[in-house]
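Residue numbers for the sequence shown, in the UniProt record's numbering: 1 to 124.
Quick reminder that beta carbons are idealized off the backbone N, C-alpha and C, glycines included.
Here's the structure, in structure tokens; my notes come after.
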Amino acid sequence: MRGQMEEFDAILTQLTNKLAEKRCESGMEAFNPHEQGYVINHHGSEGDFVERHKVEHVTFSRNFVTVPAVTAGIVHIDAEHTANTRIDVSVRNVTTAGFDFVVAEWWYDTHNYAVNVMWMACSN
């Protein structure tokens, strides 16, 4: 009987550890392309191609056991109605502890007031 209990405890521990490895975490980040911290690059012969971008680091509430898959999507844009809306959101440098968001807009007449991005990180 004692041997069976020890075997049961070992199996329970293995299952608990596997379950702890499987998890998801999500959140939302808000960006204002005209606040401090954005990098502005001018391109083109007339300087008419302007890129503004900001890198924002997200730290998970606790580390993942392995590097998670991270997805992101724009859920809100407040943009100038008289100009084209050009926005790019990307996820970079994913680790077990967090990742970087890069939010960018380009061309001189683009004017986004706010961009909200939802993200989800899940263990593989």
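{"Check": "Alpha-carbon to alpha-carbon, Lys18 and His5", "Outcome": "Correcting the residue identity first, residue 5 is Met in this sequence and not His. Their Cα atoms are separated by approximately 20 Å."}
{"Check": "Sequence-distant residues of the same chain with beta carbon closer than 7 Å to His97, five excluded per side", "Outcome": "The sequence shown places Ala at residue 97, not His. Cβ within range, chain order: Thr59, Phe60 and Asn63."}
{"Check": "Residue environment, Val117, which counts as buried when at least 16 other CB atoms sit within 10 Å", "Outcome": "buried"}
{"Check": "Best match in Met28, Arg92, Glu51 and His111 for proximity to Thr82 [C-alpha to C-alpha]", "Outcome": "His111"}
{"Check": "Through-space distance from Leu12 to Arg23, alpha-carbon basis", "Outcome": "18 Å"}
{"Check": "Where the beta strand (DSSP E) containing Asp109 begins and where it ends", "Outcome": "Neither: Asp109 is in no beta strand (DSSP E) and is coded neither H nor E."}
{"Check": "Straight-line Cα distance separating Thr16 from Phe8", "Outcome": "12 Å"}
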